[in-house]
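Numbering (the numbering used here), first residue to last: 12 to 995. Heads up, the beta-carbon is just placed ideally off N, CA and C, and yes, glycines get one too. Being a predicted model, the structure only gives us computed values, none of them experimental.
Next comes the structure, spelled out in structure tokens:
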């Protein structure tokens, strides 16, 4: 069967990918344990009045799939038995709930009412993950109110920076291995998986009902990436009107300095505010929910850079006066570092303006047909300083997301759902530099020129859904089609770069290399994802569930709509390929089987589950990785000192077309789609009422992972290149491998009776030969010896601990103590909440800057020094100015590579406590006022960034900053926030 016929076959199916819904299942028995067939099961939403019903089958089991999340009243009835009714049955996103019932013989008029217990055990799948509840979204203090920071509460999550979307990894996977969905619709940055780092409100907190993070061994319903699945569900209105408004303020009056701020705190103000309102237009039929949130930020940031001192400047001007425009781009230094280097420290203002909004409309056409539409937008303007040299970015960014869904219930056991959605990222990045060209001058920090990056990406998604319940089987089958449009320009302006290896080279204006990139217009890349699956959840016995599934994914080959691409292939085409040549060969065999088992041994009376599973998960890499041929359509030239011994500034003399070597961007035309093999073995046990402990092993291997090569290198025997009209240039391939093994342990109590508690611990180790996944890799030192680069991954963190809690003090109305009178007014309504996060240090790659001519393959990237035997890697008196022992590293002899391994060192670990104290005032029966004070990094523990790992740099071994110099997120100095919120 050809790929086209297979896709047509999938399109003909009515399908299901219901990861943004909930489901309810269970077994109905009589008092003796005998199974009851034909019992009526009715679930009614307490918020909207929506009703779903079914009957138990021959095995006494029932299944209610594709339910909206929320709280339900669930009743069971059958002639000859007393009806049983459960109140407060909470259903969470992507988390199947089991609700069993025992019915006593008696009259239909003798109803038995039961308050449902909070579900604590997973009895249906092998998946590892976590649901972020509505109480956590609302009450846990999050600096900047960035929803993505709450992903850190999921098992397997590791914070590599500021706790934003781009700095969180899951279970050893890459940044771009995760799949993000909002109401089931793609909500990525389109060009790459994550949203840009500078926007915080692409989904406002008060727009979210809850979300699910699935980190390993999820079923065939989910895909489009090899790593975690993050599914966010929007809030909707109900029969009662609810609303809120809030105002939060932070400034430098109560904040603390970082160790690098000098004697005073940089000026800072952050104001966040918003309002929400939802309810019924027609009771039990039509509902709405609207939300707005704004952010205004002005943050002074302290930057430290290393610049030429006065004596060195004079020496440069005396020898190479043409370099004056480059020297003028550097400010004068303030603190001497060595004989040629000064340190400059500067405070610059980071300005952010954001306005985000969401509107959702739900409509009930009948008991069988419901629909909703939701629109979300974030209008952002950011001005970001880059360094102490004066470089800065101006970024207007407007991400939008839209979905419309229709669900139809053909029968109690057949549910169909269809969705259409649009996700758009409208992003522009103006970099304003201080130099006429970008220059990397040996031991000093680089200066930038002016450039413009444009990324306008749109994804059109179509999902059509079907779930069939047949006896003990729940069948699901589905497709998710994503049509991707990328209209982007890597650089609209013409730019040049110059690199000098050493200070002496800079004095003599002898550049090691230079590049010239002609400004390109906007190019139109197109791609489509076709994904289909079949899944069977088989309840073999009341306490044993099997999940069997198969997922197929086809990621079409990227192409440029006006055929302007320049495809490069050294062997196949001898350079540039003819116009119309595909970027790469299509991959048509991405079949991913999934199998899982969940068992609740009878001997433990339903208090213990054992779960295990295996799956193969494909990913299409970030879309940005495939845009290179279109970007190569305009001239890209590279100049090397080995070809032009007098190479230097200005470049005009070297831009004669006869001298220029093409420097395109290339993709391995025989690449394969990346895939992961993941497995787990997990035991859960209810250690006390509402408390569940979990211990598990999670492992995996990644294959065909993203790698970067430098090709067309000079042959040391002949002194020539395979393509003499081309310089060396980059090649993106997919031949990397990695593995990951982890021990995960957790203790959890969902929010009940005023207390929520979660603690997640993970010991893990990741090993790679140069890549960790989609869009994230490192340069090889010796491209002919991949085994030489086998090491821990660049995101290998051995120990991670995250704890979060919400505690309503037991005083006041409805509580255990002081539930009336003056004592209730004074001591009632208090709440404590917070997060504790800790991890060991991030890996540091120790490198060295070497001239290309001193290396066997003339490739100077990714070079490492020699290790001096007997010397400790770390300084004896370790400090932020001397993290490493400089005597442990030496320059390799010419013609040899360094013998030091990759990522053999680690930077400092982190430890942070974010906490809040809140007082609730009940003004009327329906109107409340909350006042909250929050402290982020409450005890002001320094959260240091990694030290410099380049032994050739004056900053080697020095820590010159903290993890987060921004206004929001983790890793910053202590910050205090006050918020007032009204709710009705």
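Cβ neighbours of residue 966 within its own chain (closer than 7 angstroms, five residues either side excluded): 317 and 959. The beta carbons of residue 299 and residue 371 sit about 7 angstroms from each other, so the pair counts as a contact at 8 angstroms.
Here residue 529 carries a coil assignment [DSSP, helix/strand/coil]. In the three-state reduction of the DSSP assignment, residue 938 falls in the coil class. DSSP places residue 865 within a helical segment (H, G or I) once states are collapsed to three. The three-state secondary structure of residue 335, taken from DSSP, is helix. If you ignore the 5 residues before and after residue 816, its C-beta comes within less than 8 angstroms of the C-beta of 766, 767, 768, 769, 843, 844 and 845, all in its own chain and listed in chain order. Approximately 6 angstroms separates the beta-carbon atoms of residue 84 and residue 98; this is inside 8 angstroms, confirming the contact. Boundaries of the alpha helix (DSSP H) around residue 833: 832–838. Secondary structure within the stretch 637–676: the alpha helix (DSSP H) runs of 4 or more consecutive residues, fully enclosed, are 639–642 (chain order). By the beta-carbon neighbour count (other beta carbons within 10 angstroms, threshold 16), residue 495 is buried. By the Cβ rule, the stretch 237–250 counts as touching the stretch 221–228, because three or more pairs are nearer than 8 angstroms. With fewer than 16 other Cβ atoms inside 10 Å of its own Cβ, residue 252 counts as exposed. For residue 517, the uninterrupted alpha helix (DSSP H) run begins and ends at 514–518, by DSSP.
Counting every other CB atom within 10 Å of its CB across the protein chains shown gives residue 194 a total of 16 or more, marking it as buried. With respect to the 7 angstroms criterion, residue 311 and residue 342 are not classified as neighbours on the basis of their beta carbons. Secondary structure of residue 304 (DSSP, three-state): strand. Ranked by Cα distance from residue 855, the options 877, 899, 804 and 836 are led by 804.
With a threshold of 16 other beta carbon atoms within 10 Å, residue 764 falls short and is exposed.
Relative to residue 579, the option among 621, 647 and 444 whose CA is nearest is 647. Cβ neighbours of residue 615 within its own chain (closer than 8 angstroms, five residues either side excluded): 696. Taking 7 angstroms as the cut-off, the beta carbon of residue 838 is found no closer than this to the beta carbon of residue 260.
The alpha-carbon of residue 236 is positioned some 34 angstroms away from that of residue 362.
In the DSSP assignment, residue 149 falls within the alpha helix (DSSP H) that extends over 145–150. Residue 329 and residue 394 have their C-alpha atoms spaced approximately 38 angstroms apart.
Counting along the chain, residue 327 sits inside the alpha helix (DSSP H) bounded by residues 321–330.
Under the Cβ criterion (8 angstroms, minimum of three pairs), the stretch 823–842 does not count as touching the stretch 870–887. Secondary-structure assignment with DSSP links residue 842 through a beta bridge to 819 and 929. Across the set 176, 55, 203 and 604, the C-alpha of 176 shows the shortest separation from the C-alpha of residue 212.
DSSP lists 280 as the beta-bridge partner residues of residue 262.
The stretch 151–162 and the stretch 723–738 do not touch, with fewer than 3 CB-CB distances between them shorter than 8 angstroms. When C-beta atoms of the stretch 789–805 are compared with those of the stretch 818–836, fewer than three pairs fall below 8 angstroms, so the two segments do not count as touching. Judged by beta-carbon spacing, residue 545 lies beyond the 7 angstroms limit of residue 478, meaning their Cβ atoms are not closer than that value.
Residue state for residue 187 is assigned as helix, using DSSP reduced to three classes. A distance below 6 angstroms between beta-carbons, with the five flanking residues on each side excluded, links residue 891 to the following residues of its chain, in chain order: 970.
In the structure shown, residue 162 adopts helical secondary structure according to DSSP, grouped into three states.
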